[in-house]
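Just so you know, the protein sequences line up as chains R and E, in that order. Okay, so the first sequence: first residue is 2 according to the working numbering, each after it adds one. Okay, so the second sequence: first residue is 72 according to the working numbering, each after it adds one. Positions of the beta carbon are idealized from the N, C-alpha and C atoms, including for glycine.
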Amino acid sequence: MIDKGTYVRIRKTIFEPKERSKNLPKETALVPFKMWVKGFLEEDADLFDIVTIKTITGRYETGRLKEATPPYKHSYGDFIPEILELRDIIKNDMYGDENE
Amino acid sequence: MICMVMKMSNKYQELMNQKNEIMKTSIGLDYNKYEIEGIGFDFEYMMNDQGYDIEKIVKIQNENMIGNTPLVELKNITNYARKYAKKGYGARIFLKDEAANISGSFKARRAVLAVNQAKELGFKGIIAATSGNYGAAVAALAAKAGLKCIIVQECFDSRNVSQPEILEKARKCEAYGAEVVQLSVGPELFYQFLKLIGETGYFNASLYSPYGVKGIETLGHEIAEELMEKIGKYPEVVVVTNAGGGNLTGTARGLKDAGATETLVIGASVNLYGLHMASDIDFNRKSFTTGHTGFGIPFAVFPDRSDVPRSAARPLRYMDKYVMVNQGSVFFMTEALAILEGMERGPAGNTSLAAAFSLAQTMKDNEIIVVQETEYTGAGKHILPQLSFARKNGVELKFGDPRKEIPGQNIIIPQDGSYLCHQNIDLNDLKKTYLKRYKDMVLSSLDFKYLSEELRIDIEEVKELMK
């Protein structure tokens, strides 16, 4: 159970595929148009319940509860060996043999 | 079910029909005032009618930690470019470090006027549709002005996967206290945006309003004035990353206003030919979310496709040349800027730097080329996560001839500096596309005059291009 007042993230379908705008690429036309919003839970709820939240600007939105206390997960990514190679290329271009 | 569908599409259409009314209220600007008989409108009247002259803009920006950013001579990168230039060639490359603005990009110059206008008109909040630096700029300045703020992002594909750069921008907007509404891929963003404006009554900080463009005029001014003071002349060339056209329009207007009327303004975009901007699949197969041809070209050939009735961003009025570089070249220059100049900056802002590296080689060594922006960098918005993300999404990463890059399939990093080169986009082709819209219309002499101003060619040339 997730307590009322918890900061959460919800998802809402705005348009089903059939309701979507015309002239979309095929792959986009096949999938629903969705929205994600964060805010404070108005009532106690379980994950995947349909809930109402109050957003940081004071708006109310209703949607499916997807995540409680959502963290930021973006990062500096995986190790990319090509970047070391690229640095080498630039240094060799600039300084040639001195670089060795 | 069919009834439901009909009802829903009616709802969509109903809201779209109110577009002009909603936009008028939310920008506090009656565009009808600037319309002239026929197809055109009075662009200069619209730009000069908002009560913002250059002194007032400078004052507002100074008070908000915007502008007077360092103009740095990139001596090492200049020497690097000269290695591949003919004797006597290889222009001096200068870089305007716009990452020094509040919120980390030149977009603060644009956002501050929208925020100022919203505040003056008594709005309680401000809203903008953007996945990029503009959102962070609006959010930061709204925070400073005590306005509520909502940023609407196109963010996820149908697998709920988002570009790391967009996620970082969401974090930054939230760090300034804004609400971020994230949407899946598709033009229906505009529907949701209108709905939110209607619901909240907030000010629409459109990038295409006169405020959104006039704010950049100071950037052109600063470049012209600083170079005149330091070097004793205006630059021969200023390269501007081009997407919606506002950056280019504003910079060019500022340069001209400051007296640099001979300076060539060159637009540069990342080549994303072949990728569809509304495609759920292509969305995460690109490494640049703006500054690319997917925005640059459609907005150049039809500026009024934007979210306001008449866009203030009209790049064909100012662009002297338009070039593109591939994704791999921008990553190359991002790394070069870090390891040769000690400046670690976000990749997207380095599009014009990549173009300048190549363009400088076509210019004499006593000439000056200015790259007019950089942007902040951080988790998500950096060469590492962006290349890592591309690889995870099936995009091949390799070294070679960047001209062979196929957007969405591979990223080709130049195998050495000599391979880094720009490609020209034919401005006449763009002008022809612009004119197609009017092909079957009977045009008056007033209409031709307008088209000639829009495309910066004489009326005879307009007629020739329409054939």
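Take the alpha-carbon of residue 397 (chain E) and the one of residue 341 (chain E): they are about 5 Å apart. In the three-state reduction of the DSSP assignment, residue 275 (chain E) falls in the strand class, which pools E and B.
Residue contact check for residue 462 (chain E) against chain R: a CB pair falls below 9 Å. Residue 13 (chain R) is bridged by DSSP to R:36. Taking CB atoms only, residue 256 (chain E) has a neighbour in chain R less than 9 Å away. A distance below 8 Å between beta-carbons, with the five flanking residues on each side excluded, links residue 508 (chain E) to the following residues of its chain, in chain order: 373. Rounded to the nearest whole angstrom, the C-alpha separation of residue 83 (chain E) and residue 222 (chain E) is 21 Å.
Chain E has no Cβ within less than 9 Å of the Cβ of residue 41 (chain R). Per the C-alpha coordinates, the member of R:38, R:87, R:23, R:12 positioned closest to residue 242 (chain E) is R:38.
Across the set E:279, E:441, E:216, E:345, the C-alpha of E:441 shows the shortest separation from the C-alpha of residue 296 (chain E).
Among the CB atoms of chain R, none fall inside 9 Å of the CB of residue 212 (chain E).
In the three-state scheme derived from DSSP, where H, G and I count as helix and E and B as strand, residue 117 (chain E) is classed as helix. If you look at residue 388 (chain E), you'll find it isn't in any alpha helix (DSSP H); DSSP assigns it neither H nor E. Per DSSP, residue 513 (chain E) has no beta bridge partner at all. For residue 94 (chain R), the nearest beta carbon of chain E is closer than 9 Å to its own beta carbon. By the rule that beta-carbons nearer than 9 Å mark a contact, residue 283 (chain E) does not touch chain R.
Apart from the 5 residues on each side of it in sequence, residue 502 (chain E) sits with its Cβ closer than 6 Å to the Cβ of 526, 536 in its chain, given in chain order. DSSP places residue 366 (chain E) in the uninterrupted alpha helix (DSSP H) bounded by 364–372. With a contact defined as Cβ atoms closer than 8 Å, residue 487 (chain E) and residue 153 (chain E) miss out at about 15 Å. Burial state of residue 293 (chain E) is buried, judged by a 10 Å Cβ sphere holding 16 or more other Cβ atoms. Chain-ordered listing is empty here: chain E has no CB closer than 9 Å to the CB of residue 11 (chain R), the nearest sitting near 11 Å. Residues of chain E with a Cβ closer than 7 Å to the Cβ of residue 79 (chain R) are, in chain order, 459. Just measuring C-alpha positions, the residue of E:520, E:310, E:134, E:268 sitting nearest residue 90 (chain E) is E:268. If only complete runs of 4 or more residues are kept, the stretch 107–179 of chain E shows the alpha helix (DSSP H) at 114–119, 125–134, 146–153, in order along the chain. Going by C-alpha positions, residue 228 (chain E) is about 29 Å away from residue 404 (chain E). Taking 9 Å as the cut-off, the Cβ atoms of residue 522 (chain E) and residue 110 (chain E) count as close. Residue 371 (chain E) and residue 337 (chain E) have their C-alpha atoms spaced approximately 13 Å apart. In the three-state DSSP reduction, residue 414 (chain E) falls in the coil class, being neither helix nor strand. As DSSP reads the structure, residue 41 (chain R) sits in a beta bridge with R:8, R:55. In the structure shown, residue 521 (chain E) falls within a helical segment according to DSSP collapsed to helix, strand and coil. Here residue 400 (chain E) has 425, 473, 485, 491 as same chain residues with Cβ atoms under 7 Å from its own Cβ, once five neighbours each way along the sequence are excluded. Annotation: residue 214 (chain E) to residue 196 (chain E) spans about 10 Å, alpha carbon to alpha carbon. A buried status is given to residue 447 (chain E), since no fewer than 16 other beta-carbon atoms sit within 10 Å of its beta-carbon.
Along the stretch 177–252 of chain E, the alpha helix (DSSP H) occurs as fully enclosed runs of 4 or more residues at 178–191, 204–216, 235–246, listed in sequence order. A Cβ of chain E is located within less than 9 Å of the beta carbon of residue 38 (chain R). Residues of chain R whose Cβ lies closer than 7 Å to the Cβ of residue 151 (chain E) are, in chain order, 94, 95.
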